[in-house]
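Have a look at the structure below before the remarks.
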Amino acid sequence: MKSQINVRNVVVALVALGLLLLPLYSALTGNIFILTLFTRIVIFALAAASLNLIMGYGGMMSFGHAAYLGIGGYAVGILAHEGIGSGFIQWPVALAASALYALVIGALSLRTRGVYFIMITLAFAQMAYYIASGLSRYGGDDGLTIYKRSTFGGLIDLSNRVQFYYLCLGCLFGGVYLIWRIINSRFGMVVQGVRSNEQRMQAIGFHANRYRLVCFVISGTMCGLAGALLANNTDFISPAGMYWTRSGELMVMVVFGGMGSLFGPVLGTIVFLLLEEVLSQFTEYWALIMGPLLLLIVLFARGGIMGLLGRLSRG
Amino acid sequence: MAEPLLRVENLVRSFGGIKATDNLSLDVLPGELHAIIGPNGAGKTTLISQLTGQLMPNSGTVHFAGRDVTRLPSYQRSRLGLARSFQITSLLPDFTAADNVALAAQAHNGHSFRFWGAARKEKHLRDAAQAALSRVGLAQRGDVPVSELSHGEQRELELAVALATKPQLLLLDEPMAGLGVTESARMVALLKELRKEVTIVLVEHDMEAVFALADRITVLVYGRVIASGDPDAIRSNEEVKRAYLGDQHAVTRHG
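Now the structure itself:
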């Protein structure tokens, strides 16, 4: 539609620009920490954006999204452990494994709606968590150290902080662009239509669940990519990363930023992780502050940060 | 006599101990406007839902265009050319009027596993939507979100959505429900036009509308057909008068 200069778009543009220029700032000030922090933020933003695709646009409240972070990560970690260090093998396997998991879980969970859907996705993710805990060959509960990051035949060096950051940022921007295309496509219209009124969509001739399932798989695959990035970022993968609290955090990031808004999850992730970072410096009970904040947003700003910015835009 | 477009045979559907559809049989001929009337709780909406596949019967069969569709899900029946409007308006509230209709056109224009191109820029879908909107008198209201349309406009939009699926058979569940006098009159005029093009099954409480429009009328009471015939036959049917038309004077007057 029409592109407009308003508060919301300006903020989004500034944030995007800030993310692009961050390595420059880091180099000029010698602040390496901020680059490390934001690499993590960018990766989680990709995961949150993928969750937003099904949660915000598809109306599917998945409470098991951390499973994909784990599956993507374990694909990288296990292959690295077995001596296969090439990202050209690791990453496609990570994506394929996530997609397959999403396909199976989705086919089963999408028979249910509402609370049952939340519970069943949670249950499957917890199953994945316990399976990972049982992988004694790959560290079991203690997790698995990844001694060498994925290699891409010299194309890009993931051990280089700046290169890795830009790879993550490229994946995030690419992911958000893809989501933008999807939600405006025929497919995206159907998925959003089903969210709005499933019975009506069936009545005009759409097999609703087939579209939901494909959307579910796209989202899971995208989050699996975030998982592969995250494993490379931490050089470590453990079951703890797919525990249900992680799924909850992803949901909070989406809600913070604004469900069903394109860039909202990115803003939500930035705010969430920065708050966590700052608050945890003062107190280990940072969640005590985060919790009420979330309550305030849910109670008074349904559209999250993007919703607030939108209200400012309208004056 | 022509082969019926819709043939319902011995349909039964019960909820607990209540038979909402009780061994019901019904034919709808191509081109006719077939009205179904009956007092509240006669099982009219239950019947419509079984015809469109939202609800499965316990027994009996539904044939549409010569095909057994008894067990087909609603989205497949829609593809065969069965469209419905809902008694309680059922639209996509967060979409515009044009989006609602364009989606209906899209559902009948190949599959929708297209992830890249912008659907709102597909001209033939937008044109189809605009045509259907014009048909029901909403040509100027395409860009308005459904939640901002008046009740009457939403009823018309229901019809536009159904039309955009290019149906052979239109099942209208109380299209007049909640409409004012002028809006009702507009709806009747609209249905008079539509019936020239498409076979219609009309469930309606508004007797004036029913007797003005229908070629044939089927009367339901407690899920059973107690009479079926042309308006004159129904009007003079003693059983109908007894069982249903407590306000028979209204009917004879408007005949």
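For the record, the sequence lines run as chains A and B.
Quick note on the working numbering: the first sequence kicks off at 1 and runs consecutively.
Quick note on the working numbering: the second sequence kicks off at 1001 and runs consecutively.
By construction, the Cβ of each residue, glycine as well, lies at the ideal position given by its N, Cα and C atoms.
- For residue 1169 of chain B, the closest C-alpha among the options B/1091, B/1111, B/1179 and B/1065 is that of B/1065.
- Taking the Cβ atoms as the reference, residue 189 of chain A lies roughly 38 Å from residue 1042 of chain B, outside the contact range of under 8 Å.
- Counting only the Cα atoms, residue 1100 of chain B lies some 15 Å from residue 1150 of chain B.
- Neighbours of residue 1106 of chain B in chain A, taken as residues whose beta carbon is under 8 Å from its own, are 186, 189 and 190 in chain order.
- If the five residues before and after residue 176 of chain A are omitted, its C-beta is found closer than 6 Å to the C-beta atoms of 49, all from its own chain and listed in chain order.
- Across the structure, residue 1094 of chain B and residue 1017 of chain B are spaced so that their CA atoms are roughly 39 Å apart.
- Ranked by Cα distance from residue 228 of chain A, the first of A/15, A/266 and A/88 is A/88.
- Under a criterion of Cβ atoms nearer than 9 Å, the residues of chain B adjacent to residue 211 of chain A are, in order, 1112 and 1113.
- Taken atom to atom, the span from the alpha-carbon of residue 144 of chain A to that of residue 1057 of chain B is near 56 Å.
- The three-state reading of DSSP puts residue 1063 of chain B in strand, counting E and B together.
- When CB distances to chain A are screened at a threshold of 9 Å, the residues of the stretch 1158-1178 of chain B falling below it are 1161, 1162, 1164 and 1165, in chain order.
- For residue 1173 of chain B, the three-state secondary structure derived from DSSP is strand.
- With contacts defined as CB atoms closer than 8 Å, residue 1033 of chain B and residue 1213 of chain B qualify as a contacting pair.
- Not flagged as an interface residue toward chain B: residue 43 of chain A, since no C-beta distance is shorter than 8 Å.
- DSSP, read as helix, strand or coil, puts residue 146 of chain A in coil.
- Secondary structure of residue 88 of chain A (DSSP, three-state): helix.
- Among the residues of chain A, none has a CB under 9 Å from the CB of residue 1128 of chain B; the nearest is roughly 13 Å distant.
- Taking a beta-carbon distance threshold of 8 Å, residue 1194 of chain B does not count as an interface residue toward chain A.
- When the Cα atoms are used, residue 240 of chain A and residue 146 of chain A turn out to be separated by approximately 16 Å.
- With a cut-off of 8 Å on Cβ pairs, the stretch 1042-1053 of chain B is in contact with the stretch 1222-1239 of chain B, counting three or more such pairs.
- The Cβ-Cβ distance between residue 269 of chain A and residue 258 of chain A does not fall below 8 Å.
- Counting only runs that start and end inside the stretch 1030-1114 of chain B, the beta strand (DSSP E) elements of at least 3 residues fall at 1033-1037, 1059-1064 and 1082-1085.
- In the three-state reduction of the DSSP assignment, residue 256 of chain A falls in the helix class.
- Its Cα nearest to that of residue 83 of chain A, the residue A/138 stands out among A/100, A/138 and A/45.
- Residue 207 of chain A counts as buried, since no fewer than 16 other beta carbons sit within 10 angstroms of its beta carbon.
- Assigned with DSSP and collapsed to three states, residue 43 of chain A falls in helix.
- With a threshold of 8 Å between beta carbons, residue 1057 of chain B makes no contact with chain A.
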